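Chemist: Each residue of the sequence shown is one higher than the last, beginning at 1 in this note's numbering.
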Amino acid sequence: MKAYPCTGVILAGGLNKRFSGKEKSFIEVDGKRIIDRLYDLFCTLFDEIIIVSNSPDRYLEWDALIVTDLFDNRSALTGIHAGLYYSAFSHAFFSASDTPFLKKDLIETIVDRIEPKLDVIVPQTLSGFEPLCAVYSKKTLPVVEKNIKENRFKIQSLFSVAHVERVPESQLRRVDPELASFININTPEDLQRALKGKKKEP
1 MKAYPCTGVI LAGGLNKRFS GKEKSFIEVD GKRIIDRLYD LFCTLFDEII
51 IVSNSPDRYL EWDALIVTDL FDNRSALTGI HAGLYYSAFS HAFFSASDTP
101 FLKKDLIETI VDRIEPKLDV IVPQTLSGFE PLCAVYSKKT LPVVEKNIKE
151 NRFKIQSLFS VAHVERVPES QLRRVDPELA SFININTPED LQRALKGKKK
201 EP
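1. Is residue 11 helix, strand or coil by DSSP?
2. For residue 74, name the three-state secondary structure that DSSP assigns.
3. Tell me whether the stretch 81 to 101 and the stretch 57 to 73 touch, counting them as touching only if at least three CB pairs, one residue from each stretch, are closer than 8 angstroms.
4. Looking only at its own chain, which residues have a Cβ that is under 7 angstroms from the Cβ of residue 121, when we skip the five neighbours before and after it?
5. For the 8 angstroms Cβ check, are there 3 or more pairs between the stretch 6 to 15 and the stretch 85 to 100?
6. Pick out the complete alpha helix (DSSP H) segments inside the stretch 94 to 181, 4 residues or longer, and give them in chain order.
7. How would you label residue 55, buried or exposed, when you count the other beta carbons within 10 angstroms and need 16 or more for buried?
8. Below 8 angstroms on the Cβ atoms is my guess for residue 118 versus residue 140; work out the distance and round it to an integer in Å.
9. Using only CA atoms, which one of 105, 75, 173, 99 lies nearest to residue 154?
10. For the alpha helix (DSSP H) that contains residue 183, what are its first and last residues?
11. Among the candidates 88, 38, 31, 25, whose CA atom is the shortest distance from the CA of residue 48?
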């Protein structure tokens, strides 16, 4: 058993026109694909790893449970729904697949807080919540399904009806001073800026 009774879920997005039609999870950062970075990291933390993708055949090389959305209206929320639905554990940690600098210590800071009574454990910085670097309980499934069926796809709409633990920025910066874990790579320009920023770090 790994340290955490929790599933690790990678939300693998679709094709990205800004990267010549390549899925963001397959973008290389310092010679290593983001999906490989996340998978290797999750292997050190979780006994169960789920990859949510609507192109499941692209992810067969990883020893993980590959699942697809259960709803046609695809969004980050439907990905969270699929991850929770198939999770063997009561809680699951979710990460987007375009976060190459996600740190193990930051994940541990979040999952260390798992308790049966908590539905959501989410980082909160001065910029707001980070709902795609957070823990969700299977107990939220009924609300998630209801919101999807009502075409309410904003993840934060869950927070008003769930038992939520917020992880404050001050605690996050203790393990990730630059909050690099929350850097998303959406464009080639994002990638270049991120790499320049990493080179400046001591």
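Just so it is clear, CB atoms sit at the ideal spot from N, CA and C, and this is done for glycine as well.
Note that the coordinates shown come from a computational prediction; the quantities given were computed from them, not determined experimentally.
Modeler: Taking the structure as given:
1. Within the sequence shown, the letter at position 11 stands for residue 11. Residue state, collapsed to three classes: strand.
2. Stepping through the sequence shown from its first residue, residue 74 is reached at position 74. The answer is coil: DSSP assigns residue 74 none of H, G, I, E or B.
3. Taking 8 angstroms as the limit for Cβ pairs, the verdict is that the stretch 57 to 73 does touch the stretch 81 to 101.
4. Within the sequence shown, residue 121 is the residue found at index 121, counting from 1. Around residue 121: 110, 113, 114, 134, 135, 165, 167.
5. With a cut-off of 8 angstroms, the stretch 85 to 100 and the stretch 6 to 15 count as touching, because enough Cβ pairs lie within range.
6. As far as the stretch 94 to 181 is concerned, its whole alpha helix (DSSP H) runs of at least 4 residues are 104 to 111, 141 to 149, 169 to 175.
7. Translated into positions along the sequence shown, residue 55 becomes position 55. Under this definition residue 55 is an exposed residue.
8. The count along the sequence shown starts at 1 and reaches residue 118 at position 118. The count along the sequence shown starts at 1 and reaches residue 140 at position 140. A Cβ-Cβ distance of about 10 angstroms is found for the pair residue 118 and residue 140, leaving them out of contact under the 8 angstroms criterion.
9. In the sequence shown, the residue the question calls residue 154 occupies position 154. Checked all of 105, 75, 173, 99; the closest Cα to residue 154 is 75.
10. As a working mapping, residue 183 is identified with position 183 in the sequence shown. For residue 183, there is no enclosing alpha helix (DSSP H), since its DSSP letter is neither H nor E.
11. Residue 48 sits at position 48 when you count from the first residue of the sequence shown. Residue 88 is the option with its Cα nearest to residue 48.
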